[in-house]
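**Student:**
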Amino acid sequence: MEHGLSPGPVSFDEPLNHMDIVEPLLQWAGAQGVQLEGIKPATLPGRGIGIVATRSVLEGDVIMVVPRGAIRSLHSLPKEISEKLPPDMSIHGLLAVDVVLGQIPAPWRSILPRFSEFEPSVPFFWPVELQEFLPSPARRLLAKQQANINQLWEMLGSFPAITDRREFVHAWFVINTRTFYYSSPETQLYPWEDRLALLPVADLFNHAQAGCPVSFTSECYSVTADRPYEAGEEVYISYGDHSNDFLLAEYGFILSENRWDKACLDDVILPKLSQKQTEVLERRDLLGGYMVQRKTDDYGPCDRAKAALRVLCSSSAGDDDEWQSALDRIGDEPTAARDYGDIEAIEIEEFKGLVRELRKECENKVAALEQIHAGMESQRSVLMLRWKQIASILEQCL
1 MEHGLSPGPV SFDEPLNHMD IVEPLLQWAG AQGVQLEGIK PATLPGRGIG IVATRSVLEG
61 DVIMVVPRGA IRSLHSLPKE ISEKLPPDMS IHGLLAVDVV LGQIPAPWRS ILPRFSEFEP
121 SVPFFWPVEL QEFLPSPARR LLAKQQANIN QLWEMLGSFP AITDRREFVH AWFVINTRTF
181 YYSSPETQLY PWEDRLALLP VADLFNHAQA GCPVSFTSEC YSVTADRPYE AGEEVYISYG
241 DHSNDFLLAE YGFILSENRW DKACLDDVIL PKLSQKQTEV LERRDLLGGY MVQRKTDDYG
301 PCDRAKAALR VLCSSSAGDD DEWQSALDRI GDEPTAARDY GDIEAIEIEE FKGLVRELRK
361 ECENKVAALE QIHAGMESQR SVLMLRWKQI ASILEQCL
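1 is the number of the first residue of the sequence shown in the UniProt record's numbering; add one for each residue after it.
What follows is the structure, encoded as structure tokens:
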């Protein structure tokens with residue numbers, strides 16, 4: 001396989017000097033047909049690397065094109081490798097194997113994040129004592145990551161080319177943090193969340209709440225300016241409408257301002273449900289996932305939380321028909337600002353009581369984090385900030 005301008009393999013343990021390897025990456029990518037129009041990678045003080053405008057860019061301008069031949073996905077995996085792996089291995093796992101075996105061309109591989117870059121920020125690598133301080137949505141994502149990696153590692157048991165678990169975990173997180181959604185004839189048989197692809201240079205865009213839209217055809221992947229940009233201004237894409245719990249668990253960062261942020265009430269609602277109430281909600285696929293949106297035009301409890309409140313405030317002696325009827329009266333529209341939509345008065349009071357309970361728990365988490373010394377100070381700080389953000393979301397509901 002062509003390895004471009006690098007004289008040899010790249011060590012993922014060496015310190016990463018971004019700009020020393022950007023020019024070889026751009027030369028290699030250009031030779032593969034990757035087009036950059038009015039943008040380039042640049043070092044951002046204290047933030048690593050990102051994409052900035054090199055001139056004035058207009059809204060609607062196509063600023064990057066990555067042809068199919070430069071994309072690494074299911075179609076690019078060498079058959080001599082994929083045929084030796086279990087047929088039911090996920091694309092995520094296959095691409096991680098691709099990274100471990102050095103199939104990524106060296107100029108591109110040189111700029112992929114090192115293991116040492118994940119350790120401080122991604123909760124998967126934190127001490128268990130700190131992981132236990134994660135909010136419940138982040139803990140669930142962490143558990144899912146652990147299960148996925150364990151399953152893939154078992155599948156690789158009969159594949160002798162990979163024997164270093166640490167190296168594979170590192171590659172798994174490279175794929176987890178650097179891939180794009182990519183639906184192609186080859187990926188259609190896989191779950192939508194597993195239709196992944198690595199895109200050279202495009203993986204250097206940073207995330208913002210609003211960013212440049214991406215699109216793909218059978219021939220290429222493209223990025224289009226969402227608004228005008230001036231020279232020197234950073235250009236973003238959006239990784240999706242994600243809460244800070246999701247961003248922390250999956251990418252290792254949180255945003256100070258995030259319009260999609262939420263607080264989860266599961267920890268204060270689920271323990272209060274009787275077995276019968278739990279069964280009623282479970283039958284309707286309404287058990288858990290009880291969210292409060294941060295303050296926008298529509299905020300307050302989500303429809304799932306409304307359902308739990310309705311059951312929680314109903315008589316525990318009520319029969320299934322009564323509960324089902326009560327649930328059927330919950331509308332499909334988002335909660336209107338401050339009037340709480342179709343929630344009854346007793347449910348509003350119950351909701352506010354739950355909010356106060358969770359807000360107190362946020363204060364307790366921050367106080368406990370101030371007293372412990374596990375992990376790094378930066379890890380404890382981001383956890384304290386996260387619990388303060390959750391408390392702020394809850395405060396808006398009172």
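Glycine included, each C-beta is placed from N, C-alpha and C at the ideal position.
(1) For the segment 58-71 and the segment 34-48, state whether three or more C-beta atom pairs, one from each stretch, are separated by less than 8 Å.
(2) Hey, how far is the Cα of TRP153 from the Cα of VAL311?
(3) Who are the near neighbours of GLU347 in its chain, counting only those whose CB is closer than 7 Å to its CB and skipping five residues on each side?
(4) Going by the beta-carbon positions, is the gap between GLY60 and THR224 smaller than 9 Å?
(5) To which residues of the same chain is LEU369 closer than 8 Å at the C-beta, ignoring the five residues directly before and after it?
(6) Determine, using beta-carbon pairs with one atom in the segment 240-253 and one in the segment 275-284, whether at least three such pairs fall under 8 Å.
(7) Identify, in the order they occur along the chain, each residue of the same chain with its Cβ nearer than 8 Å to the Cβ of GLU219, setting aside the five sequence neighbours on each side.
(8) Spatial neighbours of ARG252 within its chain, please: C-beta separation below 6 Å, excluding the five flanking residues on both sides.
(9) Provide the residue(s) that pair with LYS360 in DSSP beta bridges, ordered along the chain.
(10) Indicate whether LEU85 and LEU156 have their beta-carbon atoms separated by less than 9 Å.
(11) Closer than 8 Å is the cut-off here; do at least three beta carbon pairs connect the segment 125-141 with the segment 203-213?
(12) If you draw a straight line from the alpha carbon of ALA337 to that of GLY300, how long is it in whole angstroms?
(13) In its own chain, which residues sit with a C-beta less than 6 Å from the C-beta of TYR290, not counting the 5 before and 5 after it?
(14) Please list, in chain order, all residues of the same chain as PRO137 whose beta carbon is under 6 Å from its beta carbon, the five residues on each side excluded.
(15) Would DSSP call VAL201 helix, strand or coil?
(16) Using only the alpha-carbon positions, how far apart do ILE71 and PHE205 sit?
(17) Expressed to the nearest angstrom, what Euclidean distance is found between the alpha-carbon atoms of LEU25 and ASN258?
(18) Please say whether TYR182 and TYR229 have beta carbons closer to each other than 9 Å?
(19) Excluding sequence positions up to five away, which residues of its chain have a Cβ less than 8 Å from the Cβ of ASP339?
(20) Taking contact to mean 3 or more Cβ pairs, one atom from each stretch, closer than 8 Å, check whether the segment 92-109 and the segment 164-181 are in contact.
(21) What first and last residue would you give for the beta strand (DSSP E) that runs through CYS212?
(22) Going by DSSP in three states, THR43 sits in which element: helix, strand or coil?
(23) Spell out the partners DSSP gives GLU234 in its beta bridges.
(24) Taking only the alpha-carbon atoms, compute the straight-line gap between THR335 and GLU80 and give it to the nearest angstrom.
(25) Taking Cβ positions, are SER243 and LEU74 nearer each other than 9 Å?
(26) What residues in its chain sit with their C-beta under 8 Å from that of ASP241, if we drop five residues either side in the sequence?
(27) Hey, quick one: how far does the beta strand (DSSP E) through VAL57 stretch, first residue to last?
(28) If I measure Cβ to Cβ from GLN277 and keep anything under 6 Å in the same chain, skipping five residues before and after, which residues do I get?
**Tutor:** On the basis of the data shown:
(1) The segment 58-71 vs the segment 34-48: in contact.
(2) Start at 1 with the first residue of the sequence shown, and residue 153 comes out as number 153. Start at 1 with the first residue of the sequence shown, and residue 311 comes out as number 311. If you draw a straight line from the Cα of TRP153 to the Cα of VAL311, it is about 42 Å long.
(3) Your numbering for residue 347 matches position 347 in the sequence shown. Cβ within range, chain order: LEU309, ARG310 and CYS313.
(4) Translated into the one-based positions of the sequence shown, residue 60 becomes position 60. Translated into the one-based positions of the sequence shown, residue 224 becomes position 224. Contact flag set, yes.
(5) As a working mapping, residue 369 is identified with position 369 in the sequence shown. So the qualifying residues of the chain are PHE133, ARG380, LEU383, MET384 and TRP387.
(6) no
(7) Taking the first residue of the sequence shown as position 1, residue 219 is located at position 219. Cβ neighbours of GLU219 beyond the five flanking positions: PRO67 and ARG68.
(8) If you number the sequence shown from 1, residue 252 lands on position 252. First, the residue type needs correcting, since residue 252 is Gly and not Arg in the sequence shown. So the list reads SER121 and VAL122, once near-sequence residues are dropped.
(9) The residue given as residue 360 occupies position 360 in the sequence shown. As computed with DSSP, LYS360 is found in no beta bridge at all.
(10) Locating residue 85 in the sequence shown gives position 85, counting from the first residue. Locating residue 156 in the sequence shown gives position 156, counting from the first residue. Yes, the Cβ-Cβ distance between LEU85 and LEU156 is below 9 Å.
(11) Touching, no.
(12) Within the sequence shown, residue 337 is the residue found at index 337, counting from 1. Within the sequence shown, residue 300 is the residue found at index 300, counting from 1. Reliability of the predicted coordinates at ALA337 is poor, the pLDDT of 36 falling under 50, and the value obtained from them is presented with this limitation in mind. For ALA337 and GLY300, the distance between alpha carbons rounds to 7 Å.
(13) Here residue 290 corresponds to residue number 290 of the sequence shown, with the count starting at 1. Counting only Cβ-Cβ distances below 6 Å, and skipping sequence neighbours, we find LEU265, ASP266, ILE269, ARG304, ALA305 and ALA308.
(14) In the sequence shown, residue 137 corresponds to position 137, counting from 1. Once the five neighbours on either side are set aside, the close Cβ partners of PRO137 are ASP245 and CYS264.
(15) Numbered from its first residue, the sequence shown carries residue 201 at position 201. Residue state, collapsed to three classes: coil.
(16) In the sequence shown, the residue the question calls residue 71 occupies position 71. In the sequence shown, the residue the question calls residue 205 occupies position 205. Computed Cα separation, rounded: 16 Å.
(17) Locating residue 25 in the sequence shown gives position 25, counting from the first residue. Locating residue 258 in the sequence shown gives position 258, counting from the first residue. Cα to Cα, the separation comes out at about 32 Å.
(18) The count along the sequence shown starts at 1 and reaches residue 229 at position 229. The count along the sequence shown starts at 1 and reaches residue 182 at position 182. The Cβ-Cβ distance between TYR229 and TYR182 does not fall below 9 Å.
(19) Taking the first residue of the sequence shown as 1, we reach residue 339 at position 339. Confidence is the limiting factor: at ASP339 the pLDDT is only 43, short of 50, which leaves the residue's position unreliable, though a coordinate-based value still follows. In the same chain as ASP339, and ignoring 5 residues on each side of it, no C-beta atom comes closer than 8 Å to its own.
(20) Segments in contact, yes.
(21) Taking the first residue of the sequence shown as 1, we reach residue 212 at position 212. For CYS212, the uninterrupted beta strand (DSSP E) segment begins and ends at 206-212.
(22) Residue mapping note: residue 43 aligns to position 43 of the sequence shown, counting from 1. In this structure, THR43 counts as strand in the three-state DSSP scheme.
(23) In the sequence shown, counting from the first residue as 1, residue 234 sits at position 234. In the DSSP output, where bridge partners are listed per residue, GLU234 has VAL52.
(24) By one-based count along the sequence shown, residue 335 stands at place 335. By one-based count along the sequence shown, residue 80 stands at place 80. With a pLDDT of only 42 at THR335, under 50, the local geometry of the prediction cannot be trusted, and the value read off the model is given with reservation. Computed Cα separation, rounded: 54 Å.
(25) Along the sequence shown, one-based indexing puts residue 243 at 243. Along the sequence shown, one-based indexing puts residue 74 at 74. No; because the gap between Cβ atoms is not below 9 Å, this pair is not in contact.
(26) Within the sequence shown, the letter at position 241 stands for residue 241. TRP260.
(27) Taking the sequence shown and counting its residues from 1, the one referred to as residue 57 is at position 57. No beta strand (DSSP E) contains VAL57, which DSSP labels as neither H nor E.
(28) Here residue 277 is taken as the residue at index 277 of the sequence shown, counted from 1. Beyond the five residues adjoining it in sequence on each side, GLN277 comes within less than 6 Å, by CB distance, of VAL311 in the same chain, given in chain order.
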